[in-house]
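K.L.:
First residue of the sequence shown: 590, per the working numbering; consecutive thereafter.
For glycine and all other residues, C-beta sits at the position ideal for the given N, C-alpha and C.
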Amino acid sequence: MLKLIKNGEVYSPDYIGKKDILITGDKIGYIADSINIPEDFVNIEVIDATDKLVVPGFIDSHVHIVGGGGEGGYKTRTPEIQLTDITTGGVTTVIGVLGTDGTTRTMSNLLAKARALREEGITCYAHTGSYQVPVRTVTGSIQDDIILIENIIGVGEIALSDHRSSQPTFEEILKVASEARVGGILSGKGGVVNIHMGSGKRKLDFLERIVKDTEIPITQFLPTHIGRSEELFKAGIEFALNGGFIDFTTSTVKEKSKSKSSKCSSRLKMLLDNGVSINNITFSSDGQGSLPSFNEHGNFVGLGIGKVTSLYKEVKDAIIEENVEIEDALKVITSNPANILKLIKKGYIKENNDADIVVLDKHSMDIVTVIAMGQVMIQNGEVKVKGTFEE
Ligand code: ZN
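(1) Touching or not, the segment 727-740 and the segment 770-785, by the rule of three or more beta carbon pairs under 8 Å?
(2) Any contact between the segment 600-609 and the segment 618-628? By contact I mean 3 or more CB pairs, one from each, below 8 Å.
(3) CB-CB under 7 Å to residue 844, same chain, minus the five flanking residues each way: which ones, in chain order?
(4) Checking 7 Å against the spacing of the C-beta atoms, do residue 668 and residue 656 come in under that value?
(5) Between the Cα of residue 739 and those of 971, 932 and 946, spot the shortest distance and give me the residue it belongs to.
(6) Is residue 716 near the ligand ZN, judged by its Cβ being under 6 Å from some heavy atom?
(7) Quick check on residue 601: does DSSP put it in helix, strand or coil?
(8) Does the distance from the C-beta atom of residue 659 to that of residue 615 stay below 7 Å?
(9) Given 8 Å as the limit, is there contact between the segment 627-645 and the segment 595-604, that is, 3 or more CB pairs closer than that?
(10) Quick one: what's got a C-beta closer than 8 Å to residue 971's C-beta in the same chain, skipping five residues either side?
(11) Using CA atoms only, rank isn't needed, just tell me which of 867, 959, 891 and 980 is closest to residue 919.
(12) Using DSSP with H/G/I as helix, E/B as strand and the rest coil, what is residue 968?
(13) Identify the continuous alpha helix (DSSP H) that holds residue 619 and give its terminal residues.
(14) Identify every run of the beta strand (DSSP E) within the segment 871-942, keeping only runs that are complete inside it and at least 3 residues long; order them along the chain.
(15) Please work out which residues of its chain come closer than 7 Å, Cβ to Cβ, to residue 826, disregarding the five sequence neighbours upstream and downstream, and give them in chain order.
(16) Is it the case that the CB of residue 660 approaches a heavy atom of the ligand ZN more closely than 6 Å?
(17) Who does residue 715 pair with in a DSSP beta bridge?
(18) Is the segment 708-721 close to the segment 739-757, with three or more CB pairs under 8 Å?
(19) Would you mind working out which of 896, 731, 973 and 807 sits nearest residue 773, comparing C-alpha positions?
(20) List the residues that DSSP assigns as beta-bridge partners of residue 591.
(21) Taking the continuous beta strand (DSSP E) assigned at residue 975, which residues delimit it?
(22) Measuring only the C-alpha atoms, how far is residue 850 from residue 632?
(23) Please determine whether the Cβ atom of residue 785 lies at a distance below 6 Å from any heavy atom of the ligand ZN.
(24) Whose C-beta lies closer than 6 Å to the C-beta of residue 762 among residues of the same chain, with five residues either side of it excluded?
(25) Could you tell me the distance, in whole angstroms, from the CA atom of residue 635 to the CA atom of residue 966?
(26) Just checking, does the segment 749-762 make contact with the segment 719-729 on the three C-beta pairs under 8 Å criterion?
(27) Verify the contact flag: residue 746, CB atom, against every heavy atom of the ligand ZN, threshold strictly below 6 Å.
(28) Going by the DSSP bridge assignment, what does residue 812 pair with across the sheet?
(29) Measuring CA to CA, which of 784, 747, 591 and 889 is closest to residue 626?
(30) Run through the DSSP bridge pairs and tell me what residue 648 is partnered with.
(31) What separation, rounded to the nearest whole angstrom, lies between the Cα atoms of residue 792 and residue 749?
(32) Taking C-beta to C-beta, are residue 895 and residue 875 nearer than 7 Å?
(33) So what does DSSP say about residue 695, is it helix, strand or coil?
(34) Taking the alpha helix (DSSP H) that residue 673 belongs to, which residues open and close that run?
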């Protein structure tokens, strides 16, 4: 029941110095400069974090946990995610979403998978709905879903400015936002509207108009895929400078297919250089969604699957290649999503929070050990807990 992480340099995500961390059950029990265990106390596991960084478990706010895709026909529907697809990326909390397909993928299926992942040891929430408006909910109402169903914390991903969008009117999007807002207020949840942004010319127009013409605050929205085009990226900078949150998608099939400047790591650096507050930026993986892949001539050769492991990889690249401060880079996958989604026991290393912790090698910045709800999932790079059907 007790674990002691010794001698690590702790980023909470703000740097708090060299500390020992005592884990009691599934919580962070005690943090101090030095914690010494009485010699006759044998029932404690000590994890040596000398020369290591100790950081909060990562939060991935946009994952197709039951699979996604299907845009190339039925056989391109991607499979369900497995536990270690998540934990090997240092991710200890995921938000499950449906995507384009709200017909063969259902909310019942999404909620069952979210519960399965919880049984397997990590934390999993879900948003209600898919790309479509009217939103297909569990209870018939977005507001009721958020208030009455424990692991539903918001709505999305609703598609806008995309040829696959259900082309909702301004009033329809406004209704979605108002239901999510009231649902969130009455349940103490985020009630965030996660918006899938396509590459269409309307970009963030609807959201900007809602903020300008109504009482809904800009912080009700978390638009994602903001890095998908230069035009959308520019609009995203404005949105963030006005106080909005913007989310960047880390999954790509091949590094080659993306120019360096369009990588999330470089986008992060550019945002900070443009005066955007670090607190307004998040990364998510779009994990288990489908991704088209192209050969060296740029021809379509098939579909790949988005990886949750891409989430921390982009953060690491931001630190190593773009010289973004470790504290800042970590925030986009720890404290920021926790604050925006109101996950009050997540995103920070502090006493009484859930014991979700990642230990990183100080020099390579590679993931060494992953602890979720007090349980060691990955130790020294080795998988300790597998999903129910994993070999
Ligand atoms: Zn999307």
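P.N.:
Quick answer:
(1) yes
(2) yes
(3) Confidence at residue 844 is low in this model, with a pLDDT of 49, below 50, so its placement is unreliable and no value can be given for it.
(4) yes
(5) 932
(6) no
(7) coil
(8) no
(9) yes
(10) none
(11) 867
(12) strand
(13) Residue 619 -> not in any alpha helix (DSSP H); beta strand (DSSP E) instead, spanning 616-621.
(14) 879-883 and 889-894
(15) 860, 863 and 865
(16) no
(17) 685 and 741
(18) yes
(19) 731
(20) 613 and 633
(21) It is not in any beta strand (DSSP E) - residue 975 carries neither H nor E in the DSSP assignment.
(22) 50 Å
(23) yes
(24) 795
(25) 15 Å
(26) yes
(27) yes
(28) 784
(29) 591
(30) 682
(31) 8 Å
(32) yes
(33) coil
(34) 672-676
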